[in-house]
Amino acid sequence: MPEKKQAKINEDLLNRIIAVAYRDAGLYNRLAVWIKAKKDPKIKNLLDEYRHTADSVHNIKPEEISFNIHESLHDKVKLQSWHKGAASKLSYAFYSVFAKPVYAATSVTIILVAVIAFILFMQPSPKHSYTKAEIKLAQEQLEQSFAIVGKVFGEVETKLDKDVMTKHVSKPLNKGLNFLNDYLIGG
Amino acid sequence: MRQSSKFDYLIRQYKNTIYNYAIYMMHNRMDAEDVTQEVMIRIWQNIGKFNFYAARSWIMRTTHNLCIDYLRRNSNQLKKEVSLDDNLSERIEDKRSASMPDKMVAQKLTDTKIKSAIENLPERLKSPFVLYELQGFKYKEISKILDIPLNTVKVNILRARIQLQKELKFYAGKKTS
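So the protein lines, in turn, are chains A and B. In terms of numbering that gives the first Met the number 0, the first sequence opens at residue 0 and continues consecutively. In terms of numbering that gives the first Met the number 0, the second sequence opens at residue 0 and continues consecutively.
Right, here's the structure in full:
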């Protein structure tokens, strides 16, 4: 079996491999390195080694400061106005939201949208009350329109019975049957 | 009232970031605690002078400068303190993890090995590496904090990654031999 051709790892390729391993490479570089790693086991090994280290580095948990920094600072600097407890928690929550311009802008936008939506939804919908005369007029108009529709239907029925059926259906049909009789009897 | 609220927020938010950075720079927890306290005092003294929205960069720049000052001052005593302090903390942690599964202990060992390898990096590589990989700062912020060009930050992080890999290979080689 022919041995796979192994590329020499130059500085540029190494840089790309490292960037991919530490997950800060672009899509193009990721694809390029992935293809090369598929072809060349040497590159794959190197990528795996760097990736393992990168993962281990990223998995390091930050240590928490072990001593009470508040107490020690009270001894060193006189911070009489430094409040504790609920007020402190409240101020922390406030600054957590408004500490960054992006957060502040987002929060303000959300609050504004919420306020506008609230105002819009809570406004009473306009109610139109009709007078008795208006209602009576509407009823009359409704009756009139029903009467018109009834009249039209009546006229159509009459026309269909007297005009269409007799002139255009019965007469030609009779004529045809008579002709057929004459033909059969005569023949 | 407002300043103390800001100060309180900054302390809660950044105390561990400062402390962790200082640990990597100072090699021992006692000095890291001193630096953390000193940074806090500087924050209180300058609370109205720096831009609150850019506090993170200002705080880390102050931390970095203080670490450098401490290192220069205490360079002679440093090595002795490293071994004493780190051994003590590891002994305490070992007792705690005695009942934990093997996986946790193995993870702890890997962490210790990597932490030690990071601590052994030269300062010019270590600072940008710790800020970028462990504390999540961006290249631009690191450039501001360390007052070095952006490209230097990128190159130093790359070099740190390569050197860290070499260090860890050296560790692995020592372990297997």
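Ideal placement from N, C-alpha and C gives every residue a C-beta, glycine not left out. This one's a predicted model, so the numbers in the text were calculated from it and none came from an experiment.
If you compare the alpha carbons of B:22, B:134 and B:127 with that of residue 65 of chain A, the shortest gap goes to B:22. Residue 127 of chain B sits away from residue 161 of chain B, with the two beta carbons spaced by 8 Å or more.
In the DSSP assignment, residue 25 of chain B falls within the alpha helix (DSSP H) that extends over 1-25. Pairing residue 120 of chain B with residue 159 of chain B gives a Cβ-Cβ distance under 8 Å. Going by beta carbons, residue 42 of chain A and residue 16 of chain A fall inside the 8 Å limit.
Neighbours of residue 52 of chain A in chain B, taken as residues at a C-beta separation under 7 Å, are given in chain order as 163, 164 and 167.
Within the model, the alpha-carbon separation for residue 12 of chain B versus residue 46 of chain A is close to 36 Å. For the stretch 22-60 of chain B, the continuous alpha helix (DSSP H) assignments of 4+ residues that do not extend past its boundaries occur at 28-44, in sequence order.
Counting of Cβ neighbours within 10 angstroms places residue 93 of chain A among the exposed residues, the total staying below 16. In the three-state DSSP reduction, residue 111 of chain B falls in the helix class (H, G or I). Taking the CA atoms as reference points, residue 144 of chain A sits about 12 Å from residue 136 of chain A. At a cut-off of 8 Å between beta-carbon atoms, residue 10 of chain A makes no contact with chain B. Taking 8 Å as the CB threshold, residue 17 of chain A lines the interface with chain B.
Taking 8 Å as the CB threshold, residue 132 of chain B lines the interface with chain A. Of all alpha-carbon atoms in B:24, B:146 and B:16, the one lying nearest the alpha-carbon of residue 73 of chain B is that of B:24.
Taking each of B:14, B:2, B:30 and B:52 in turn and checking the Cα distance to residue 102 of chain A, the smallest one comes out for B:52.
Residues of chain B with a Cβ closer than 8 Å to the Cβ of residue 127 of chain A do not exist; the shortest Cβ-Cβ separation is about 53 Å.
The shortest C-alpha to C-alpha distance from residue 64 of chain B to any of B:20, B:101 and B:8 is the one to B:20. Around the beta carbon of residue 56 of chain A, a 10 Å sphere encloses 16 or more other beta carbons of the protein chains shown; the residue is thus reported as buried.
For residue 107 of chain B and residue 120 of chain A, the gap between their C-alpha atoms comes out near 56 Å. Between residue 18 of chain B and residue 62 of chain A, the gap from beta carbon to beta carbon is short of 8 Å. Put simply, the backbone Cα of residue 49 of chain B is about 12 Å away from that of residue 6 of chain B. No Cβ of chain A is located within less than 8 Å of the beta carbon of residue 45 of chain B.
In this structure residue 167 of chain A is exposed. Its beta-carbon is surrounded by fewer than 16 other beta-carbon atoms within 10 angstroms.
The beta carbon of residue 123 of chain B sits no closer than 8 Å to any beta carbon of chain A.
In this structure, residue 41 of chain B sits near residue 61 of chain B, with a CB-CB distance shorter than 8 Å. In the displayed model, residue 183 of chain A falls within a helix according to three-state DSSP. Residues of chain B whose Cβ lies closer than 8 Å to the Cβ of residue 56 of chain A are, in chain order, 113, 117, 132, 133 and 163. Against chain B, the beta carbon of residue 14 of chain A has neighbours under 8 Å at 157, listed in chain order. Assigned with DSSP and collapsed to three states, residue 127 of chain A falls in coil, not helix or strand.
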